[in-house]
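> For what it's worth, my numbering labels the leading residue of the sequence shown as 91, then goes sequentially.
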Amino acid sequence: MRYGIIADIHGNLEAMRAVLDDCRQEAVENIICLGDIVGYGADPAACLDIVMERGITSVAGNHDWAVVEKFSTEFFNPIAAEAVAWTQKRISSQQRHYLENLPLMLETREFVAVHGMLNHPEQFFYLRDIEDARDTFYLMKRSVCFVGHTHVAMVLKESGGLVEFERSVDFDLKDGVKYIINPGSVGQPRDGDARASYVIFDTAIKRIHLKRLDYDVATAQRKINALGLPSFLAARLSIGQ
Ligand code: ZN
Numbered sequence: 091m092r093y094g095i096i097a098d099i100h101g102n103l104e105a106m107r108a109v110l111d112d113c114r115q116e117a118v119e120n121i122i123c124l125g126d127i128v129g130y131g132a133d134p135a136a137c138l139d140i141v142m143e144r145g146i147t148s149v150a151g152n153h154d155w156a157v158v159e160k161f162s163t164e165f166f167n168p169i170a171a172e173a174v175a176w177t178q179k180r181i182s183s184q185q186r187h188y189l190e191n192l193p194l195m196l197e198t199r200e201f202v203a204v205h206g207m208l209n210h211p212e213q214f215f216y217l218r219d220i221e222d223a224r225d226t227f228y229l230m231k232r233s234v235c236f237v238g239h240t241h242v243a244m245v246l247k248e249s250g251g252l253v254e255f256e257r258s259v260d261f262d263l264k265d266g267v268k269y270i271i272n273p274g275s276v277g278q279p280r281d282g283d284a285r286a287s288y289v290i291f292d293t294a295i296k297r298i299h300l301k302r303l304d305y306d307v308a309t310a311q312r313k314i315n316a317l318g319l320p321s322f323l324a325a326r327l328s329i330g331q
């Protein structure tokens with residue numbers, strides 16, 4: 091199976107289209123989304139339509155659940171909270187229902203997927219480094235766990251109690267090693283690279299491959315500004331921060 095692992099679309103339709111086009115060219119058979127379909131970007135409804143119509147399997151992100159009031163915005167920064175309120179007015183009741191029913195975790199034969207981390211997934215903690223990863227490695231029943239949420243692509247490799255952190259997400263899976271992999275963000279990368287980010291997981295050859303794609307950033311920015319979202323959300327897309 092060739093999986094496309096995507097995360098943190100955040101209502102960015104232009105970035106999402108670029109990634110889905112690339113998945114087609116790469117002969118991806120199954121797309122898995124690690125949450126945050128909505129929030130920040132100008133096209134939450136269009137992005138949800140695509141996810142729902144294509145039957146893309148997704149787990150819940152903190153923004154997905156904040157929009158349907160299943161997760162508090164108490165600790166969101168003011169700009170993120172404003173984007174949540176804006177998004178609430180722009181999705182249908184059917185889409186709301188879809189977001190409410192997203193699961194916190196997804197398990198396949200080959201991997202587990204979650205937005206933040208495996209311990210207390212409903213609290214959406216950030217898995218950024220070796221220290222954060224300890225409980226998730228402990229809870230993993232599969233050798234691969236995909237996480238999103240930080241918008242920064244990385245991999246943590248655990249073998250014999252030792253954990254290595256790498257920013258380069260391009261490798262062959264080895265037996266006896268556990269992996270926590272973040273594919274970066276489709277719609278709002280924060281690693282200084284403005285291109286959309288996602289991962290291809292080919293289970294037949296046990297290979298993980300990160301892809302970065304140019305997309306129409308200017309159109310995504312124009313829509314954010316035209317529709318009255320905070321202009322910071324448009325500006326950050328140019329610099330990938
Ligand atoms: Zn996010």
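Ideal Cβ placement from N, Cα and C applies to all residues, glycine included.
#1: Answer yes or no: do Leu229 and Asn209 have a C-beta to C-beta separation smaller than 8 Å?
#2: Measure the CB-CB distance between Asp222 and Met207 and report whether it falls below 8 Å.
#3: Could you check if Asp98 belongs to the surroundings of ligand 1, using beta carbon to heavy atom distance under 7 Å?
#4: Which residues mark the beginning and the end of the beta strand (DSSP E) in which Ile96 is found?
#5: Should Gly151 be listed as close to ligand 1, given that the test is whether its C-beta is under 7 Å from any heavy atom?
#6: Can you tell me whether Lys268 is buried or exposed, with buried defined as 16 or more other CB within 10 angstroms of its CB?
#7: Since I believe Leu263 is in contact with Ser233 (beta carbons under 8 Å), could you give me their beta-carbon distance rounded to a whole number of angstroms?
#8: Can you find the residues in the same chain that come closer than 6 Å, C-beta to C-beta, to Arg107, ignoring five residues on each side of it along the sequence?
#9: Terminal residues of the continuous alpha helix (DSSP H) containing Glu143?
#10: Answer yes or no: the CB of His126 versus the heavy atoms of ligand 1, is any distance below 7 Å?
#11: Under 8 Å, do Ala132 and Leu319 count as touching if we go by C-beta distance?
#12: Any heavy atom of ligand 1 closer than 7 Å to the beta-carbon of His210?
#13: Give a single yes or no on whether His239 has its beta carbon closer than 7 Å to a heavy atom of ligand 1.
#14: On the three-pair Cβ rule with 8 Å, is the segment 94-107 touching the segment 122-137?
#15: Taking buried to mean at least 16 other C-beta atoms within 10 Å of its own C-beta, is Asp154 buried or exposed?
#16: In terms of DSSP beta bridges, what is Lys247 paired with?
#17: Would you check if the segment 274-282 and the segment 234-254 touch, i.e. whether three or more CB-CB distances between them fall below 8 Å?
#18: At a cut of 8 Å, does the segment 134-150 reach the segment 184-193 through at least three beta carbon pairs?
#19: Consult DSSP for Ser328 and reduce its assignment to one of helix, strand or coil.
#20: Taking the alpha-carbon of Phe214 as reference, which of Ala294, Gly238 and Val307 has the nearest alpha-carbon?
#21: How long is the line joining the alpha carbons of Val259 and Ala325, rounded to whole angstroms?
#22: Determine whether the beta carbon atoms of Glu116 and Ile290 lie at a separation below 8 Å.
#23: Ignoring anything shorter than 3 residues, give me the beta strand (DSSP E) runs that lie fully in the segment 192-242, in order along the chain.
#24: For the beta strand (DSSP E) holding Asn120, just list the boundary residues, first then last.
#25: Work out the CA separation of Asp111 and Gln184 for me, nearest whole Å.
The structure says:
#1: yes
#2: yes
#3: yes
#4: Arg92 to Ile96
#5: yes
#6: buried
#7: 7 Å
#8: none
#9: Pro134 to Arg144
#10: The sequence given here has Asp at residue 126, not His. Checking the Cβ of Asp126 against ligand 1 gives yes.
#11: yes
#12: no
#13: yes
#14: yes
#15: buried
#16: Glu254 and Tyr269
#17: yes
#18: yes
#19: helix
#20: Gly238
#21: 27 Å
#22: yes
#23: 195-197, 202-204 and 234-237
#24: Asn120 to Cys123
#25: 26 Å
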